[in-house]
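In what follows, a structure is listed as structure tokens, so that the remarks can point back to it.
Chains as they are written, first to last, in the numbering used here: chain A, 1 to 98; chain B, 99 to 571.
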């Protein structure tokens, strides 16, 4: 399978990734991403029939524990890290959603 | 240049030959003298460090095994009270409200954090040229890269600024800069060191690792850093034996495997020469060297750039200008704010990797790319398991070339990626690995020897590296 990295393809992926790109970036990345993907495609040569994918590098499953409510970060500290927070209300301010 | 041993300094402080405060001042003075040109540190916390050192001096007994030792922390690891930029503009004003577990452990052991070091943005790079705050220079040669992404930490240790530094390693980012700068760098087994407080790049690959001037210093750092952490669900429950105690210098009978088929092309002649000379030293210490086959390692770099970028595209989705970091002004909707913040805040390498990762996870492409890469990753892991049935460590050079020149590989991302060819398999397989200095080339650039061991067998790898280091000193 070969990839197509037309400017539209780049814009589509950028939109999925919430990335605004200018025209120079679209031109540069369509070329570079096509090259990188073409290079990475050699994995398709490998016979992987019956081979499970690696999720955890050492093959062990996720460890679980009982849900034990406990403290977390101080809300004031967290809000103070934000570019625009309404400290009294305990909220982050953003431009309108709709 | 005057690289300092952490253990030697710790012992001098314990014998009261030098106070922790004086050791801290020396580090700060050294940073003052050299950081202007090297750009190893992005942030120096002099007052905090001196206050801490004075408090340590006031104690009647040592706080722990790193009492008074100055340490530098890579800027993608959070320290409360200090900025954490991860080398990116998008976090330029971020002050984390918490400490990484690794940082807490170091401070409880008596270490004195002097500041945060430069790195490739979000740890994505092999040269530190992708930092939004300028590159770090290699202390050995001002026109050369220090390696990456932990270039600032490697340079700080190599230039004698601090005896110890923390870096992070996803595809080689502790070991490759250690090799470029002539210091020791270790990536432990996945899960040994908590990732709580490490700004995430690729969650199934990332590990924090120490850099220092000697193997013994890194073993001491590992003794302090390793251990399970309930705050990191991937941290291993395994008890930690003392790595320092494993350094008995005895490697008679150690079986070393060399994947000769990986060394046939692309390795600089002087690197190859230094590597063979290192194998001779190891053999003279009583070890045996044989060839091993790692048939799927030729796919390690493409696998890495499919898996790591996919994970990165997910981990970096949180940088949206809402809760921390940089926000773009003048936008009229929240979606526009996200897109503009990320456009302005991320550099080109990060954007490339996010887009590549997004693509390989997207509908229609997931099976052919991401899933396929994770299957090939399993085969890479199995190759190592098979090799370790007959050998105890796998040896290669750390990099195919010594440190390349600044700007040399900027135009071609793939050429940059090929720097990782010997380091990238260990994180894919979850295995511990180390780079230890083995030679200096005719141009006075360091060359590193790279050893990989079985999962959880840092002891064997450190013992081998330590014995080798003593023999070549």
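Here a beta-carbon is modelled for each residue, glycine too, at the ideal position from N, C-alpha and C.
Taking 9 angstroms as the upper bound on Cβ-Cβ separation, chain B lies near residues 18, 19, 20, 21, 22, 25, 28, 29, 32, 33 of the segment 18-33 of chain A. Runs of the alpha helix (DSSP H) spanning 4 or more residues and lying entirely within the segment 205-289 of chain B occur at 249-256, 273-279, in chain order. The C-beta distance from residue 453(B) to residue 13(A) rounds to 5 angstroms, short enough to meet the 8 angstroms contact threshold. When secondary structure is reduced to three states using DSSP, residue 493(B) falls in the strand class. Taken through DSSP and simplified to helix, strand or coil, residue 486(B) comes out as coil.
Boundaries of the alpha helix (DSSP H) harbouring residue 367(B): 367-382, taken from the DSSP string. Cα atoms of residue 207(B) and residue 118(B): separation of roughly 13 angstroms, rounded to the nearest angstrom. Closest in C-alpha terms to residue 393(B), from the list 45(A), 67(A), 71(A), comes 45(A).
Taking the C-beta atoms as reference points, residue 43(A) is found nearer than 8 angstroms to residue 400(B).
Measuring C-alpha to C-alpha distances from residue 332(B) to each of 149(B), 296(B), 476(B) identifies 296(B) as the nearest. Following the DSSP letters along the chain, one finds residue 350(B) in no alpha helix (DSSP H), marked with neither H nor E. Classified as exposed, residue 96(A) has fewer than 16 neighbouring CB atoms from the shown chains inside 10 Å of its CB. Sequence-ordered contacts of the segment 527-546 of chain B with chain A read 527, 528 [C-beta pairs closer than 7 angstroms].
Residue 217(B) sits close to residue 246(B), with the two beta carbons spaced by under 8 angstroms.
Put simply, the segment 342-350 of chain B does not touch the segment 500-515 of chain B. Fewer than three CB pairs are less than 8 angstroms apart.
Residue 309(B) is bridged by DSSP to 263(B), 283(B).
Note on geometry: alpha-carbon atoms of residue 419(B) and residue 186(B) lie some 13 angstroms from one another. If you look at residue 172(B), you'll find it in the beta strand (DSSP E) that goes 168-172. If you draw a straight line from the Cα of residue 360(B) to the Cα of residue 175(B), it is about 33 angstroms long. Residue environment for residue 287(B): buried (at least 16 other C-beta atoms within 10 angstroms of its C-beta). Of the residues assessed, residue 488(B) falls on the exposed side of the cut-off, its CB having fewer than 16 other CB atoms within 10 angstroms. With a threshold of 16 other beta carbon atoms within 10 Å, residue 47(A) falls short and is exposed.
Within 8 angstroms of the CB of residue 82(A), the CB atoms of chain B belong to 420, 421, 422, in sequence order along the chain. Counting only Cβ-Cβ distances below 7 angstroms, residue 14(A) has contacts in chain B at 453, in chain order.
Taken in chain order, the complete alpha helix (DSSP H) segments of 4 or more residues contained in the segment 417-458 of chain B are 432-443.
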